[in-house]
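In this text, residue positions in the sequence shown follow full-length UniProt numbering: the first is 1, and each later residue adds one.
Below is one structure, written out as structure tokens; comments come after it.
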Amino acid sequence: MKDKLIENTYTHEFIKEEDYINALAKGLSLLEAFSTERQKLNVTQIAEKTQISRTAARRHLKTLKFLGYLDTDEYFYWLTHKVLRFSSTYLHSSHLSKISQPILNLLSAQTTLTFSVVVLDDNEIVPIARSYLPQQENLRISPYGVHLGNRLPAHATSTGKVLLAALSKQQQFTWLKKYGLKRLTPFTHTDEIIFLNILKQISMQDYCLSIDEHELGIIALAVPIIDSTGKHVAALNCISQKNKVTQDYLTKQILPLLKNTASEIRSML
């Protein structure tokens, strides 16, 4: 008798049913239900977002509250600082983060621009390393903040599109069906056919230039970071304000730097 398998419809990975802990998966999906847009949720909202019963949602919420990952006013629940243990541990143990940090700082010193390395997490990109210079301590590029662990929409960012472009056609279709294309500015691409064609072009040229798509006045250029197996593990980008750099400067002067840096990081992975 063959083992029953459960498929991750996004990654197309399989796991044996006997190895899958449903309660753990539900608990994690509950934590993921919280976002910058909905920082506080009640039982009904959690049940709707996670597609589990109100009874199960209440039990999971009470357990996570007991363990210290959530707090409550007896109606709404919200995340506590304890969830940061996971991100802190990752950032301190990630080989990619460690090797990227000094390289990004050097790039910033050479150009006075801001650089970051990000990974794709479902429909968002997450910076795991960011250039830092003492004189840039008070520099604010974006009201969202270009800081470690911050989450930005993948479809409207240079790094996000670079990583989405590396997915198979089927994975891109699945991604679009699941997450859609939310308009953030008048320049955000929301037409699926146009977006898929953009991803195809990005895949062919191996870089992405994004202007005003996530935030007006912001321009960014990104290239993929590929490991020795050919897997796109992250993206490297440069971000600035449009009144400080031109598209021509980025593509002619910064793009070669990004590609060389991505190649250097690959050799160290």
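Glycine is no exception: its CB is placed at the ideal position from the N, C-alpha and C atoms.
Spatial distance of residue i from residue j (CA atoms)
i	j	result
I226	S94	16 Å
E32	A222	27 Å
Y124	Q247	Note that residue 124 corresponds to Glu in the displayed sequence, not to Tyr. Distance between the alpha carbons of E124 and Q247: 25 Å.
F115	E74	43 Å
G68	T80	7 Å
L96	L269	7 Å
G27	E17	17 Å
L24	V117	30 Å
T159	P224	8 Å
T261	K231	17 Å
Q172	L30	25 Å
I46	R151	20 Å
Q39	W78	6 Å
S210	A220	5 Å
L106	F14	41 Å
S100	L250	20 Å
A165	L5	28 Å
A57	P127	31 Å
L163	Q205	13 Å
I52	K244	49 Å
C238	L113	7 Å
L199	T63	42 Å
K178	D122	10 Å
S35	Y20	26 Å
R130	T111	14 Å
P153	T190	13 Å
I194	S228	31 Å
Spatial neighbours of residue i in its chain, beta-carbon cut-off 6 Å, leaving aside the 5 residues before and after
i	result
Y144	The predicted model places Y144 with a pLDDT of 38, which falls under 50 and marks its position as unreliable, so this point remains unresolved.
K161	I202 and C208
H214	A156, T157 and L184
P256	none
Whole-Å CB distance - residue i paired with residue j, under 8 Å assumed
i	j	result
I218	Q253	About 18 Å; that fails the 8 Å criterion.
E192	L167	About 14 Å; that fails the 8 Å criterion.
L61	V43	6 Å
V83	A234	Between A234 and V83 the Cβ distance is about 22 Å, and since that is not below 8 Å, they are no contact.
L236	L258	6 Å
H65	T55	In the sequence under discussion, the amino acid at residue 65 is Lys, which differs from the His named in the question. 16 Å between Cβ atoms; not a contact.
Residues bridged to residue i [DSSP beta-bridge criterion]
i	result
P127	V118
N105	DSSP output for N105 lists no bridge partner at all.
I6	I15
H232	I226
N243	DSSP lists no partner for N243.
T72	Y77
N237	S116 and A222
Contacting residues, own chain, Cβ-Cβ under 8 Å from residue i (five flanking each side not counted)
i	result
I103	T261, E264 and I265
T188	H155, A156, L181, K182, E213 and H214
E7	E13 and F14
D3	K16, E17 and E18
L41	A33, F34, K49, F76, Y77 and W78
beta-carbon residue i near the ligand SAH non-hydrogen atom, thresh 8 Å
i	result
T111	Judged by which ligands are present, the structure shown has none, so any question about the ligand SAH falls away.
Nonlocal neighbours in the same chain, by C-beta distance under 7 Å from residue i, ignoring five residues either side
i	result
S267	none
L196	Q172
Suppose only complete runs of 3+ residues qualify. What are the beta strand (DSSP E) ranges in the stretch 151-226, listed by chain order? List check, beta strand (DSSP E) in window: 208-211 and 218-226.
Tell me the start and end of each unbroken beta strand (DSSP E) in the stretch 8-48 that is at least 3 residues and wholly inside, in chain order. Runs of beta strand (DSSP E) with 3 or more residues, each lying fully within the stretch 8-48, are found at 14-16, listed in chain order.
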